[in-house]
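This report refers to the structure that appears directly beneath it.
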Amino acid sequence: MRYSRLGKSEYQVSSLGFGAMNLPGVSFEQAKEALNFALDHGINYIDTAAGYRNSEEIIGDSISHRRKEYFLATKTNKRDYASAKEEIERSLTRMKTDHVDLLQIHYVNYVNEYKQLMDDGGAYQAALEAQREGKVRFIGITGHRPELLAKWISKGQFDQVLFHLNLAQPFALNELIPQATELDMMKIAMKPLSGGFIQPVERAIRYPFSQDVHVTISGMVSVKEVQENLAAQEQDVGADERRELEELALELGGHDCRRCNYCSCPIEIPIPDVMISSKVRDKFGLLPKGNGFFDKHRDKIISCADHEPCKEKPLCEQKCPYHLPMQSVIKKAAGYYA
Ligand code: SF4
Ligand code: SF4
């Protein structure tokens with residue numbers, strides 16, 4: 001594992017971060033064991049969010065007694081001052097700590113939401129106030145529109161940015177990461193396996209590790225998963241391997257979907273998951289969770305082609321800011337069931 005200076009924080013951070021999003025899905029004993037194992041083996045960045053069910057409480061109950069050993073990052077998805085202030089207080093209580101190292105404004109994908117949270121009476125004011133009171137050390141932002149994030153961070157109001165970076169979503173490399181580097185920000189990549197869908201696992205973990213980011217957050221729920229992630233980051237990435245991974249990411253990211261979720265489907269096909277896994281599925285197949293997803297949504301995916309209101313002009317495609325051909329990707333995915 002690599003350690004590097006985490007932007008302006010000066011913290012020596014581990015290249016692997018513990019994503020605590022999925023911990024509420026396992027027993028408390030298993031979650032506690034995984035978190036403590038991670039700390040015992042040098043992981044010192046813990047990521048959660050107020051919105052991840054009882055993830056913050058699990059952290060508080062499992063590792064608050066080791067608070068000095070990790071950089072603690074949480075998120076608020078509130079947009080107004082009062083709700084964000086309340087949520088920050090709740091996060092501190094749940095995690096049994098008097099401060100978080102990083103508070104991220106969570107899941108900002110729309111210009112109007114960004115304006116709301118930055119305006120008077122917005123969530124950013126609550127974050128600044130908490131910072132003045134010593135409850136929050138640094139303020140960050142997360143989202144799924146890399147080019148918008150690049151614009152929003154340019155004014156220097158954020159210390160950190162969190163974005164997707166995986167073999168099927170290499171888009172942060174274009175503007176966002178160079179911009180964040182120039183501003184000496186903390187650069188955190190998430191979802192190396194795109195939510196447990198994509199493989200080959202080792203290459204998928206090594207891809208963001210090979211890039212100019214401080215931490216890759218991997219969502220882990222067991223000692224075994226922590227061990228696998230640690231093993232994949234044991235050796236540095238050389239120039240040849242980096243080039244090979246970058247070429248692969250260009251190919252697998254060819255669908256161009258950012259997971260911004262601007263699209264919606266009247267028959268509830270989870271469009272971004274189909275889009276993002278499409279090329280990985282063709283080339284390598286998917287992990288069991290990815291296959292389970294396609295089993296679960298089989299009927300909907302098959303019925304896309306016959307959905308009458310979309311015959312002339314697909315409803316989803318009218319909403320995509322990248323003008324992507326989602327209907328044809330979904331029709332192709334339906335072909336797998338034949
Ligand atoms: S084209 Fe298919 S995926 Fe798109 S909105 Fe219509 S039914 Fe849904
Ligand atoms: S298909 Fe387009 S609108 Fe839908 S999530 Fe992907 S990029 Fe966004």
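Okay, so the sequence shown: first residue is 1 according to the UniProt record's numbering, each after it adds one. Ideal placement from N, C-alpha and C gives every residue a C-beta, glycine not left out.
In this structure, I139 sits away from A126, with a CB-CB distance that is not shorter than 8 Å. Boundaries around K283 are those of the alpha helix (DSSP H), 271-283, since no beta strand (DSSP E) includes it. H255 counts as buried, since at least 16 other C-beta atoms from the protein chains shown sit within 10 angstroms of its C-beta. Taking each of A82, D101, C316 in turn and checking the Cα distance to I46, the smallest one comes out for D101. With a cut-off of 7 Å, the C-beta of L324 is classified as distant from ligand 1, since no heavy atom of the ligand falls inside that distance. Counting along the chain, F138 sits inside the beta strand (DSSP E) bounded by residues 136-142. In the DSSP assignment, the residues bridged to T76 are I105. In this model, S9 and M186 are separated by some 8 Å (Cα to Cα).
At least one heavy atom of ligand 1 falls within 7 Å of the beta-carbon of I271. The shortest CA-to-CA distance from Y110 to any of K319, S328, V329 is the one to K319.
Look at C320: its beta carbon is less than 7 Å from one of the heavy atoms in ligand 2. Under the criterion of beta carbons closer than 8 Å, N44 and S14 qualify as touching, at roughly 5 Å.
If you compare the alpha carbons of D119, I269, G121, Q131 with that of Q104, the shortest gap goes to Q131. Q160 sits away from G19, with the two beta carbons spaced by 8 Å or more.
In this structure, the C-beta of R258 approaches ligand 2 to less than 7 Å from one of its heavy atoms. Taking 7 Å as the cut-off, the C-beta of I267 counts as close to a heavy atom of ligand 1. Per DSSP, the continuous beta strand (DSSP E) segment holding I217 begins and ends at 215-219.
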